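Chemist: Before I ask anything, here is the structure I am working with.
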Amino acid sequence: MGNFTAIDLSKLPAPKVIESLSYEAIFQDILSDFLGKNPSYSTLLESDPAMILLEVCAYRELLLRNRINEAAKATMLAYATGSDLEHLAASLGVQKLDGETDDQLRQRVQLAPEAFTNAGSIGAYTFHALSASSYIKSVSVKSPNPGAVLVTILSKTGNGTASEELIDVVLEKLSEEDVRPLTDQVSVQSAAIVNYAVEAVITVYSGPSSAVVETEARAALDKFLDERHAIEKLVALSGIYDALHVDGVKKVQ
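At position 125 of the sequence shown (counting the first as 1) the number is 127 in the numbering used here, and the numbers step up by one without a gap.
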């Protein structure tokens, strides 16, 4: 997100309203209730129609309770997706952009309250810059001198270098009179890209296929590097080691 820090939704504790579900536990509860009301059914065979009916009931209850879980998640910013997320965004006056992913929209919803004022806060400029185009991946806002605002953007395309066209789109957005304070002089630039390469050797435990472990390690590394591909985020060596240490990896060099 740049130099504005929002709550990391992935680190919030799991909400208590979301139940952990087990078909077997539900079935045993239903079976216990059934036997309590029908002592004559002290022994039930798998082929007994009553047993089949209880299994059907347990499965349908599992589906219903899972649907309740999903409905609860749909009301939470950390879990909502698709149209559910769009409705949450709409409650804060945020509309999904063409080509915008759920994660991007979720990020802007977190920033939306910052835009309630046009006093020129870091959060407000960040929100409006991200709202200018879905091709923006990261934003940094600095004030090098009193009254001067320097907005740096990282593009989603290529290596992250923002095109002049994208820079102009952001500058136009930030220059709107209900966005920019009258005394602010705003300029927009592309992030300076630092190229690097990662070379690693992994040693796997005997047993699992080395090709499978290597594929998983590469995927984990790619995910880590993509998350760190943002303005002012450090690609730490310790993070690379941690990402490559997937199940089956004995040592990383």
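Cβ atoms here follow ideal geometry from the backbone N, Cα and C, with glycine treated the same way.
None of these values were measured; they are calculated from a predicted model.
Specify the secondary structure class of K225 as computed by DSSP and reduced to three states.
Modeler: Locating residue 225 in the sequence shown gives position 223, where the first residue counts as 1. Three-state result, K225: helix.
Chemist: According to DSSP, simplified to helix, strand and coil, what is T154?
Modeler: Here residue 154 refers to the residue found at position 152 when the sequence shown is read from its first residue. Three-state DSSP puts T154 in a strand.
Chemist: Who are the Cβ neighbours of I32 in its own chain at under 6 Å, not counting the five residues just before and after it?
Modeler: Locating residue 32 in the sequence shown gives position 30, where the first residue counts as 1. The residues are L56, C59 and A60.
Chemist: Using CA atoms only, rank isn't needed, just tell me which of P15, R62 and D186 is closest to G149.
Modeler: Residue mapping note: residue 149 aligns to position 147 of the sequence shown, counting from 1. The option with the nearest alpha carbon to G149 is D186.
Chemist: Taking only runs that begin and end inside the stretch 6 to 70, name each unbroken alpha helix (DSSP H) of 4 or more residues, in chain order.
Modeler: If we require 4 residues or more, the alpha helix (DSSP H) runs fully inside the stretch 6 to 70 come out as 25 to 39.
Chemist: Report back the beta-carbon spacing between A131 and V172 to the nearest angstrom; my notes put them in contact at under 8 Å.
Modeler: Taking the first residue of the sequence shown as 1, we reach residue 131 at position 129. Taking the first residue of the sequence shown as 1, we reach residue 172 at position 170. About 5 Å; that satisfies the 8 Å criterion.
Chemist: Can the beta-carbon of A114 be found closer than 7 Å to that of V143?
Modeler: Translated into the one-based positions of the sequence shown, residue 114 becomes position 112. Translated into the one-based positions of the sequence shown, residue 143 becomes position 141. Against a cut-off of 7 Å, the Cβ pair of V143 and A114 comes out as no contact.
Chemist: Taking its Cβ as the centre, do 16 or more other Cβ atoms sit within 10 Å of V200, making it buried, or is it exposed?
Modeler: By one-based count along the sequence shown, residue 200 stands at place 198. That one is exposed.
Chemist: Do L156 and K139 count as a contact pair if the criterion is CB distance below 7 Å?
Modeler: The count along the sequence shown starts at 1 and reaches residue 139 at position 137. The count along the sequence shown starts at 1 and reaches residue 156 at position 154. Yes, these two residues count as a Cβ contact at 7 Å.
Chemist: Does the stretch 114 to 127 come into contact with the stretch 35 to 53, if we say contact requires no fewer than three beta-carbon pairs (one atom in each stretch) closer than 8 Å?
Modeler: Too few Cβ pairs lie closer than 8 Å, so no.
Chemist: For L23, which residues in the same chain have their Cβ closer than 8 Å to its Cβ, ignoring the five residues on either side in sequence?
Modeler: In the sequence shown, the residue the question calls residue 23 occupies position 21. Here the set comprises L64, R67, N68 and N71.
Chemist: Out of curiosity, what's the CA-to-CA distance linking K98 and A92?
Modeler: Here residue 98 refers to the residue found at position 96 of the sequence shown. Here residue 92 refers to the residue found at position 90 of the sequence shown. About 9 Å.
Chemist: Residues in the same chain with beta-carbon distance under 6 Å from I169, minus the five sequence neighbours each way, listed in chain order, please.
Modeler: If you number the sequence shown from 1, residue 169 lands on position 167. Around I169: V190.
Chemist: In whole angstroms, what separates the C-alpha of V151 from that of K252?
Modeler: Start at 1 with the first residue of the sequence shown, and residue 151 comes out as number 149. Start at 1 with the first residue of the sequence shown, and residue 252 comes out as number 250. So the two alpha carbons sit approximately 49 Å from each other.
Chemist: How would you label L246, buried or exposed, when you count the other beta carbons within 10 angstroms and need 16 or more for buried?
Modeler: Counting from one through the sequence shown, the residue named residue 246 turns up at place 244. Burial call: buried.
Chemist: Leaving aside the five residues before and after S123 along the sequence, list all residues of the same chain whose C-beta is less than 8 Å from its C-beta, in chain order.
Modeler: Against the sequence shown, residue 123 aligns to sequence position 121. Closer than 8 Å at Cβ, skipping near neighbours: E116.
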